[in-house]
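As you go down the protein sequences, you meet chains A and B in turn. So for the first sequence, our numbering puts the first residue at 1; every next one is plus one. So for the second sequence, our numbering puts the first residue at 1; every next one is plus one. A short write-up of the structure that comes next.
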Amino acid sequence: MITLLALVPILGALLVTLLPRSSHRQQLLARHVAVGVSVVALVVALVIAGRFDIGTGGYQFVEEHSWIGPLGAWYSVGLNGIGLTLVLLTVILTPVVLLASYRDELPGRRSANSYVAWMLVLEGLAILVFTATDAFLFYVAFEATLVPIYFLIGSYGGPERQKAAITFLLYNLLGGLLMLAAVVGLYVVSQDAGEASFRLADLASVPMGETTEKLLFLGFMAAFAVKAPLWPFHTWLPEAAASATPATSVLMVSVIDKVGTFGMIRWGLELFPGAADWASPTIMALAVVSIVYGALAAIGSTDIRRLVAYTSVSHFGFIILGIFTFTQTATTGSVLYMFNHGLSTAALFLVTGVMIARRGSAEITAFGGVQKIAPVMSGVLLVAGLSSLSLPGLAPFVSEFLVLAGTFTVNVPLAVIATTGIVLAAVYVLVLYQRTMTGPLTDQAKVVTDLTPREVAALSPLVVVIIGLGLFPQPMLDLVNPAVALVLGSIELGGLP
Amino acid sequence: MIPAPELDYALLSPLLIVAAAALGGVLVEAFCPRGPRFVVQTGLAGLASVAALAVSAVLFATADLGVTDEPGRTVVADEASLITWMMLAVFAVLGVLLFADRRLDGGLSAFTGRAADRPGSAEEAEALRLRVEHTEVFPLAMFALLGMMLFAASSDLLTMFVALEVLSLPLYLLCGIARRRRLLSQEAALKYFVLGAFSSAFFLYGIALAYGYSGSFAIGALGEDHPDTELRLAAVALMAVGLLFKVGAVPFHTWTPDVYVGAPTPVTAFMAAGTKAAAFVALMRVLFAATETDWQPLVAVVAGVTMLVGSLLAIAQSDVKRMLAYSSIAHAGFLLTGLLGDLSPSAVLFYLATYGVASIGAFAVVMLVRDAGGEATASARWAGLGRENPVLGVSFAIFMLSFAGIPLTGGFVGKLSVFIEAGDGGYWPVVVLGVVVSAVAAFFYVRMITVMFFAEPDGVAVASGAIATTTVVVVAALGTVILGILPGPVLELVQHAGSLVP
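What follows is the structure, encoded as structure tokens:
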């Protein structure tokens with residue numbers, strides 16, 4: 001089932017690549033096909049979700065085949081509540097992004113076929129990353145996601161795209177390669193313990209010395225901290241987001257960057273509970289710095305895309321903070337936060353992307369009073385912005401509240417500082433909205449036209465889910481709770497159920 | 001007194017086939033008229049390579065390779081030898097295809113028509129007009145292949161030295177006969193020859209010292225305990241110098257960039273893949289046998305310095321061929337980390353296979369990207385190539401990603417394997433340095449992809465109709481991807497390589 005889910009977008013990408021691409025009409029067909037493929041993936045994922053047993057925290061839909069015998073690498077996939085949450089995020093966002101990107105202007109004579117094909121490849125790889133229960137498979141898929149994003153930024157981004165693409169790739173590759181050293185270490189450790197195997201289940205029971213565990217944990221964390229992005233390893237993100245198309249930014253920030261925080265739980269906590277416990281004070285401190293720094297940098301940004309990127313740095317701080325409190329409340333909140341942040345940031349990137357494309361500039365000062373001529377756009381920006389500042393009633397509020405509540409039980413000073421992040425979030429969101437949408441309509445902003453029906457169709461599911469999960473978060477909590485309990489059980493710290 | 005050994009001709013048949021093809025090629029030069037000569041030579045070399053591959057594979061599958069430790073044995077056809085022979089034969093098949101492509105340069109091959117003519121002279125123009133060709137390149141390549149195969153299968157130091165010369169001398173010649181940029185090519189040949197001869201002398205000196213303390217030329221004797229440890233140390237060290245020169249490790253790497261750039265690109269491709277493979281197997285045969293010498297810490301240092309220097313210098317290159325040359329130095333460093341484990345050649349053999357295939361493919365792409373002056377090797381001229389010619393661009397991107405060690409390419413599995421070896425041996429600093437250097441190295445590989453796909457086209461032409469070369473590119477690209485996604489069979493194959501030491 002999971003293999004099918006991962007194969008649908010990858011085979012779909014192949015199909016789209018093979019479709020004719022010489023005329024505008026043909027490329028439009030390729031886009032339609034890509035949307036169709038992503039909807040099929042969504043349906044498959046919903047079938048999986050429907051058959052998922054939320055009562056247990058263990059892995060379901062498990063598939064296992066020996067892949068590379070001599071290396072002990074398995075094609076081994078499975079889903080728990082945490083993985084399913086992120087898979088759902090991926091399959092929901094991909095059709096949204098594909099629909100919203102119809103009017104993206106591609107530089108040069110580049111065809112839309114490759115553009116949408118890369119996005120589908122990315123979707124398939126993301127599903128593999130979130131379902132892999134073998135360290136080798138996870139590493140391969142994790143690193144492989146770099147290639148589609150690299151091409152998406154480098155081929156289709158803004159004027160600075162070449163530099164941005166290389167920066168993105170090298171930064172993430174360095175983190176990933178440090179993880180490779182840790183993967184090598186895992187192999188050696190598991191070989192010493194008997195038969196070499198990269199399966200999560202086998203690795204979790206391998207005895208390792210304290211120092212070894214810490215070093216391996218740090219190797220994995222290097223990759224995840226760059227990916228997540230945790231201050232001070234975040235510098236690539238604003239750069240990349242400023243040069244990428246909105247669609248690429250959404251896939252990169254909302255989906256792929258989640259691999260960082262997801263990896264912290266699946267590989268950091270499950271494999272190295274002792275080391276995670278040892279490192280948690282430092283990581284929590286860095287997370288709080290991320291929250292405040294990201295928010296301040298967002299307030300100081302004059303470029304809308306950078307602003308949104310920095311808000312994500314701040315939000316990722318909350319997610320990481322929640323994970324490393326090791327309380328049921330906060331860690332569950334973090335998993336939910338990943339999902340909600342994915343939706344709200346997607347909405348924010350897409351709607352600002354439309355604004356920027358219409359206006360031809362990403363500077364905040366280039367806009368003013370736009371709500372008078374584009375009320376729908378302004379409304380969507382408001383909802384997306386309010387969800388980003390965690391307004392009660394919208395989905396992110398629940399998760400942010402859980403993270404902070406859990407953190408208060410563990411470390412009050414950090415929780416207090418983190419709470420200021422909420423205030424700062426109100427500042428950057430309202431400043432953005434006020435300067436671009438309210439006030440008198442400036443002459444230069446008159447070129448902005450409202451959302452097209454297709455763009456509304458793409459964005460409305462996001463708005464619906466954001467409001468829906470804000471009012472009824474319980475299903476998601478039920479899905480995530482058992483898996484988190486199981487993970488935290490391995491740390492033997494646990495918390496409130 | 002050297003006892004006459006009993007020869008198992010069946011086991012030696014891959015060597016004999018290649019030797020026969022080389023000698024036969026010389027006879028073809030003498031007796032075959034000029035018209036069909038090129039085709040005959042190509043066919044002979046190609047068939048011999050394929051036959052050597054097939055026979056090696058059959059022997060590997062069927063023959064009893066139980067190593068007998070009889071005295072006076074000079075060539076050993078063990079699993080490692082046969083695997084190396086198969087690998088070299090594959091490289092040779094691809095190499096012959098590159099040598100044979102006459103559609104690159106307006107109906108001409110990459111080799112000069114008459115090497116004896118002065119560059120730019122009237123005689124040279126006449127040779128061009130008459131379309132004379134050096135068909136000797138094929139027997140020369142076969143001699144080099146014979147030397148490589150023998151080099152990797154020697155169990156006796158003298159044989160190894162002879163093999164070293166048999167593989168080197170034809171390559172010196174081949175390096176000097178490029179059609180374009182002939183002075184550079186001749187300079188490369190001379191440099192390679194002088195420095196190569198110098199390193200051979202080191203190797204020979206090492207052999208002499210080894211004989212001095214053990215009274216034997218057998219490689220196995222290097223492991224004998226002997227009271228005179230200084231002599232043993234000096235012998236192993238001097239031999240290692242000669243071999244490290246051949247693999248292009250720092251500080252014996254300085255010949256690599258000039259020779260790689262100056263040599264005709266098909267020769268560079270064959271040499272980069274073949275020489276490295278043969279020399280690494282020979283290096284492992286010597287070092288793994290020297291059990292009493294604690295050489296691993298020194299090799300760890302050489303490995304670290306080699307990958308660092310190779311990668312850092314490669315960043316500064318603006319010429320694709322030169323960048324590939326420095327990258328080959330960096331890869332020598334990565335390969336050396338595979339020697340730091342429990343003395344198993346498997347990881348290095350796998351790495352050699354992936355590196356060789358990707359190298360041949362990458363140089364084949366270099367052959368195809370041309371402008372009026374021949375190959376357009378300035379990397380800036382490759383702008384937009386990937387969009388103008390997707391097959392070539394995607395293939396080259398695959399080679400670059402493989403060199404960079406990105407998953408789903410063979411290079412990744414190779415890198416993982418050698419790092420596992422080093423980790424097994426406890427050389428964690430080398431592993432960490434290795435991954436950091438990999439990130440550095442990724443910069444210049446990825447920069448090529450950026451130039452090819454993200455920059456606007458520069459109007460550089462691609463040699464059309466060069467079917468043989470294009471075939472090599474596509475085959476190498478497919479091989480690189482297959483070795484990355486399904487490396488299992490090849491990994492299992494190299495695991496049979498045993499320990500190299502009888």
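We put the CB at the ideal spot given by N, CA and C, even for glycine. Note that this is a predicted model, so its numbers are computed, not measured.
Inset, instruction - Give me whichever residues DSSP pairs with W74/A in a beta bridge. - result: Within the first sequence, the letter at position 74 stands for residue 74/A. Paired residues: S66/A.
Inset, instruction - List the residues of chain A that V432/B touches, going by C-beta distances under 7 Å, in chain order. - result: Counting from one through the second sequence, the residue named residue 432/B turns up at place 432. At a C-beta separation below 7 Å, V432/B has these neighbours in chain A: A181.
Legend entry - Neighbour list for I299/A in chain B, Cβ cutoff strictly below 8 Å: Looking up residue 299/A in the first sequence gives position 299. Result: empty, since nearest Cβ-Cβ is about 33 Å, beyond 8 Å.
Inset, instruction - Would you check if there are 3 or more beta carbon pairs closer than 8 Å linking the region 489 to 500 of chain B to the region 328 to 346 of chain B? - result: With a cut-off of 8 Å, the region 328 to 346 of chain B and the region 489 to 500 of chain B count as touching, because enough Cβ pairs lie within range.
Legend entry - Beta-carbon separation (whole angstroms), F521/B vs S438/B, contact threshold 8 Å: This structure leaves residue 521/B out entirely; chain B is present only between 1 and 502.
Inset, instruction - Have a look at the DSSP bridge pairing and note the partners of E375/B. - result: One-based indexing of the second sequence puts residue 375/B at position 375. Paired residues: R370/B.
Inset, instruction - Would you identify the three-state DSSP class for D8/B, choosing helix, strand or coil? - result: Mapped onto the second sequence, residue 8/B falls at position 8. Residue state, collapsed to three classes: coil.
Inset, instruction - Return the CA-CA distance between G494/A and T327/A, expressed in angstroms with no decimal places. - result: Taking the first sequence and counting its residues from 1, one reaches residue 494/A at position 494. Taking the first sequence and counting its residues from 1, one reaches residue 327/A at position 327. Caution is warranted here: a pLDDT of 35 is assigned to G494/A, below 50, making its placement in the model unreliable, and no coordinate value can be reported.
Legend entry - Boundaries (first-last residue) of the alpha helix (DSSP H) holding T420/A: As a working mapping, residue 420/A is identified with position 420 in the first sequence. Residues V412 to M437.
Legend entry - alpha helix (DSSP H) runs contained entirely in the region 113 to 199 of chain B, provided each spans 4 or more residues: As far as the region 113 to 199 of chain B is concerned, its whole alpha helix (DSSP H) runs of at least 4 residues are 122 to 130, 137 to 152 and 157 to 175.
Legend entry - Assigned secondary structure, A249/B (DSSP; H/G/I helix, E/B strand, else coil): Here residue 249/B is taken as the residue at index 249 of the second sequence, counted from 1. Looking at A249/B - three-state DSSP - the assignment turns out to be coil, as it is neither helix nor strand.
Inset, instruction - Return helix, strand or coil for L186/A, following the three-state DSSP convention. - result: The residue you call residue 186/A lines up with position 186 of the first sequence. It is helical.
Legend entry - Reduced DSSP secondary structure (H/G/I, E/B, other) of A224/B: Taking the second sequence and counting its residues from 1, one reaches residue 224/B at position 224. The question names Ala, yet the displayed sequence has Glu at residue 224/B. Reduced to three states, the DSSP call for E224/B is coil.
Legend entry - For R359/A, three-class secondary structure by DSSP: In the first sequence, residue 359/A corresponds to position 359, counting from 1. Helix at R359/A.
Inset, instruction - Would you decide whether I323/A is buried or exposed? Buried here means 16 or more other CB atoms lie within 10 Å of its CB. - result: Here residue 323/A corresponds to residue number 323 of the first sequence, with the count starting at 1. Buried, by the Cβ-count rule.
Legend entry - Residue(s) in a DSSP beta bridge with D134/A: Against the first sequence, residue 134/A aligns to sequence position 134. For D134/A, which the question treats as bridged, DSSP gives the partners R199/A.
Inset, instruction - Please list, in chain order, all residues of the same chain as E213/A whose beta carbon is under 7 Å from its beta carbon, the five residues on each side excluded. - result: Locating residue 213/A in the first sequence gives position 213, counting from the first residue. Once the five neighbours on either side are set aside, the close Cβ partners of E213/A are F272, G274 and A275.
Legend entry - Rounded Cβ spacing between T311/A and G294/A (contact assumed at less than 8 Å): Taking the first sequence and counting its residues from 1, the one referred to as residue 311/A is at position 311. Taking the first sequence and counting its residues from 1, the one referred to as residue 294/A is at position 294. In this structure T311/A touches G294/A by the C-beta definition: roughly 7 Å separates them, less than 8 Å.
Inset, instruction - Please state whether DSSP places Q60/A in a helix, a strand or coil. - result: Locating residue 60/A in the first sequence gives position 60, counting from the first residue. Residue state for Q60/A is assigned as strand, using DSSP reduced to three classes.
Inset, instruction - Please name the residue in A182/A, L169/A and P246/A whose C-alpha comes closest to that of T235/A. - result: Along the first sequence, one-based indexing puts residue 235/A at 235. Closest option to T235/A, Cα to Cα, is L169/A.
Inset, instruction - Kindly identify the DSSP beta-bridge partner or partners of F111/B. - result: Locating residue 111/B in the second sequence gives position 111, where the first residue counts as 1. F111/B pairs with A178/B.
Inset, instruction - Taking C-beta pairs closer than 7 Å, name the residues in chain A that S199/B reaches, listed in chain order. - result: One-based indexing of the second sequence puts residue 199/B at position 199. By Cβ distance, chain A contributes nothing, its closest Cβ being about 33 Å from S199/B, past 7 Å.
Inset, instruction - Determine the extent of the alpha helix (DSSP H) in which W236/A is found, giving its start and end residues. - result: The residue given as residue 236/A occupies position 236 in the first sequence. Where W236/A is concerned, the enclosing alpha helix (DSSP H) stretches over W236 to S243.
Inset, instruction - Excluding the 5 residues preceding and the 5 following H315/A in the sequence, name in chain order all residues of the same chain whose CB lies nearer than 6 Å to its CB. - result: Within the first sequence, the letter at position 315 stands for residue 315/A. Residues of the same chain with a CB within less than 6 Å of the CB of H315/A, apart from the 5 flanking positions on each side, are H341 in chain order.
Inset, instruction - Kindly say whether S155/A, judged by its beta-carbon, lies nearer than 9 Å to any beta-carbon of chain B. - result: Position 155 of the first sequence, counting from 1, holds the residue named residue 155/A. Yes - at least one Cβ of chain B is within 9 Å of the one on S155/A.
Inset, instruction - Determine contact between the region 170 to 183 of chain B and the region 202 to 211 of chain B, defined as no fewer than three beta-carbon pairs at a distance below 8 Å. - result: The region 170 to 183 of chain B is not in contact with the region 202 to 211 of chain B.
Inset, instruction - Counting only the same chain and skipping the five closest in sequence on each side, list residues whose C-beta sits under 7 Å from that of L11/B. - result: Counting from 1 along the second sequence, the entry for residue 11/B is found at position 11. Same-chain partners within the cutoff: L59, A63 and A77.
Legend entry - Among V44/A, V253/A, M208/A and K163/A, nearest to T145/A - alpha-carbon criterion: In the first sequence, residue 145/A corresponds to position 145, counting from 1. Comparing Cα positions, the closest option is V253/A.
Legend entry - Contacts around L215/A, its chain only, beta-carbon distance under 8 Å, and the 5 residues preceding and following it disregarded: Start at 1 with the first residue of the first sequence, and residue 215/A comes out as number 215. Excluding sequence neighbours, L215/A sits near A182 and G185.
Legend entry - Members of the region 127 to 145 of chain A that neighbour chain B once the beta carbon cut-off is set at 9 Å: Cβ proximity to chain B below 9 Å picks out F136, Y139, V140, A141, F142, E143 and A144 from the region 127 to 145 of chain A.
Inset, instruction - Give the residues of chain A in contact with F454/B, contact being defined as C-beta atoms less than 7 Å apart. - result: In the second sequence, counting from the first residue as 1, residue 454/B sits at position 454. Ordered by position in chain A, the residues that pass the 7 Å Cβ test against F454/B are G154, S155, R161, Q162 and A165.
Inset, instruction - Would you grab the beta carbon distance between M86/B and S49/B for me? Rounded to a whole angstrom, and I think it's under 8 Å. - result: Along the second sequence, one-based indexing puts residue 86/B at 86. Along the second sequence, one-based indexing puts residue 49/B at 49. Rounded, the Cβ-Cβ distance is 11 Å, inconsistent with contact.
Legend entry - Where the alpha helix (DSSP H) through G405/B begins and ends: Here residue 405/B refers to the residue found at position 405 of the second sequence. In this chain, G405/B is not harboured by any alpha helix (DSSP H), its DSSP state being neither H nor E.
Inset, instruction - With distances taken Cα to Cα, identify the nearest neighbour of A273/B among T84/B, A380/B and F31/B. - result: The count along the second sequence starts at 1 and reaches residue 273/B at position 273. Closest by alpha carbon: T84/B.
Legend entry - Short CB-CB distance (under 9 Å) between F270/B and chain A: Mapped onto the second sequence, residue 270/B falls at position 270. Taking Cβ atoms only, chain A never reaches closer than 9 Å to F270/B, which makes this a no.
Inset, instruction - Inspect the CB distances between the region 236 to 247 of chain A and the region 160 to 168 of chain A and report whether three or more fall short of 8 Å. - result: Yes: the two stretches touch, three or more of their Cβ pairs being nearer than 8 Å.
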